[in-house]
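Read top to bottom, the protein sequences are chains A and B. In terms of this note's numbering, the first sequence has 850 at position 116, counting the first letter as 1, and numbering is strictly consecutive. In terms of this note's numbering, the second sequence has 69 at position 33, counting the first letter as 1, and numbering is strictly consecutive. These notes are about the structure you will find just below.
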Amino acid sequence: MTRFIIIFAAVLIGLFTLEMQESVQTAAIQPFTSILASISAGIIIPFDDAVVAYGRIIEHRAAQFAVSIEAGCNGVEATIVLIAGVLAFPANWKQKLSAIALGFIAVQAMNILRIISLFYLGQWDLAIFTWTHLYIWPVLIMLDVLIVFIVYLRYLNRQPTIAIQAT
Amino acid sequence: MNKRSLRRFFGLVLLLLPVAFVAWQVLGSVIAAPVVWLAGLILQWWLPELVSSVTLDNTTMVIASVLGELDGKFLPGAEAGNQLAFQVDTRGLTYSIPFYAALHFATPMESPVERFARGLLILWLLVIIGLVSVAIKTLMLGLGSTFFALGTVPSPDVIALAFQFNSLMVPPIAPLLIWAYESRDLGLFPNLLGTQANAVVDTPESPET
């Protein structure tokens, strides 16, 4: 367990520090966040043609309401937690990379659901939007990470002759 | 934990989350009081030239500065004729507590209340660190060069990173880690926590990973 904790903490702090660097934010995180906004808008627009997206902003022209997706709202931190957990747990690299890739999709799918729900909650009631945005969704996203991680461990458990030896 | 009990566990977590969040909302100031008091002691000990007092207003930590502002300059409160105050929302950090409560009480374990109290104590300590980080960042942004003139504060990069880590990462992760440790004998995390060692067989052919 000590080994798991050390690797988990080192990867978590290392990746988080990297993510916070201005150059990484400019080169990777902000473009990624813009893509996320476009995907979210792309899902909404067929059902609501008053919606437009530009950069990291999604706007509802009829309701005159817009949200900007900022650092901390793009699921990157949740993905970092998942990566730290997967890398800290003994398995081969194919298993680890598959878990990270599938986990990333699961986290981002949940995050897009979060963005869309917040976009409409904000139009309905700002107090509920704030409460849900700041307290409820971070918990649900982390619960999603936990589910992915436990499913991964169960998968590893069904591989009787692989893993656990060394990393 | 088999597939069925795992589903039951996550279902129970989702049922308990609203209950825990309502309790957290109702007990907001009671939950925040001890951490704000201790964070206040740390801030007053660390930055006596800046922090006059720290109080709790509902769930908001209010940091009263010894400084006031006059014509855009920061001066001692008596000279300025006013006193600056900074606010920190404790809920941005204490929401880890209802999350932990839902995870904990959805998990069948021995001595649940005693274990919950242990976990709560750890979370409170982390919230204190978080409050100090947020307060330092708030003072830095509010006072600018006056803040750094003290010489006893870390660099802006360290303050920013500590703030981001303690407000973005710690509140959602800490409950998971504490709960995982408390649930170590349930087989949720085989081989991770030194339990269920028979779940994965070690063989000489195991590939190096």
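Each residue gets a CB set at the ideal place from its N, CA and C atoms; glycine is no exception. Being a predicted model, the structure only gives us computed values, none of them experimental.
What is the rounded straight-line gap between the Cα of residue 131/B and the Cα of residue 873/A? 9 Å
Taking Cβ positions, are residue 199/B and residue 169/B nearer each other than 7 Å? yes
Under 7 Å between C-beta atoms of residue 943/A and residue 856/A: Residue coverage of chain A in this structure runs from 735 to 901, which leaves residue 943/A outside it and unanswerable.
Residue 49/B touches chain A at which residues, Cβ-Cβ below 8 Å? Those within 8 Å of residue 49/B in chain A are 877.
Between residue 750/A and the rest of its own chain, which residues show a CB-CB distance below 8 Å, the 5 nearest in sequence each way excluded? Within the same chain, residue 750/A has close Cβ partners 811, 814.
Beta-carbon spacing of residue 768/A, residue 790/A below 7 Å: yes
Report the residue from 883/A, 802/A, 787/A whose alpha carbon sits nearest the alpha carbon of residue 775/A. 787/A
Starting from the beta carbon of residue 811/A, find every residue of chain B whose beta carbon is closer than 7 Å, and list them in chain order. Per Cβ cutoff of 7 Å: 204, 205.
Alpha carbon to alpha carbon, what distance is there between residue 101/B and residue 75/B? 15 Å
Residue 751/A versus chain B: which residues are under 7 Å apart at the beta carbon? 197
Starting from residue 806/A, find everything on chain B with Cβ-Cβ shorter than 9 Å and list it in chain order. 200, 203, 204
Would DSSP call residue 855/A helix, strand or coil? Here residue 855/A sits in helix by DSSP.
Determine whether the Cβ of residue 869/A lies closer than 7 Å to any Cβ atom of chain B. yes
Residue 118/B, buried or exposed, once every other Cβ within 10 Å from all chains shown has been counted against 16: Answer is exposed; the Cβ neighbour count stays below 16.
Can you name, in chain order, every residue of its own chain whose Cβ lies under 8 Å from the Cβ of residue 850/A, other than the five neighbours on each side? Counting only Cβ-Cβ distances below 8 Å, and skipping sequence neighbours, we find 774, 777, 778.
Looking only at its own chain, which residues have a Cβ that is under 6 Å from the Cβ of residue 219/B, when we skip the five neighbours before and after it? Listed in chain order, the non-local C-beta contacts of residue 219/B below 6 Å within the same chain comprise 143, local neighbours out to five positions each way being set aside.
Does the pairing of the segment 158-173 of chain B with the segment 67-84 of chain B give three or more beta-carbon distances under 8 Å? The segment 158-173 of chain B is in contact with the segment 67-84 of chain B.
For residue 878/A, does the count of other Cβ atoms within 10 angstroms reach 16, so buried, or fall short, so exposed? buried
Which residues does DSSP pair with residue 112/B in a beta bridge? Paired residue(s): 103/B.
At what residues does the alpha helix (DSSP H) containing residue 759/A begin and finish? Careful: residue 759/A lies outside any alpha helix (DSSP H) and carries neither H nor E.
Could you please tell me which residues of the segment 113-129 of chain B, in chain order, have their CB closer than 7 Å to any CB of chain A? 127, 128
Inspect the CB distances between the segment 177-191 of chain B and the segment 856-867 of chain A and report whether three or more fall short of 8 Å. no
Could you check whether residue 215/B and residue 140/B sit closer than 7 Å to each other, using their CB atoms as the reference points? yes
Does the Cβ of residue 748/A have 16 or more other Cβ atoms within 10 Å, making it buried, or fewer, making it exposed? exposed
Indicate the three-state DSSP secondary structure (helix, strand or coil) for residue 221/B in the structure shown. helix
Sort 197/B, 166/B, 180/B by Cα distance to residue 206/B and report the nearest one. 166/B
Look at the Cβ atom of residue 116/B, then the Cβ atom of residue 108/B, and state whether they are nearer than 7 Å. no
The segment 831-858 of chain A: positions lying closer than 8 Å to chain B by Cβ: Here the close residues number zero.
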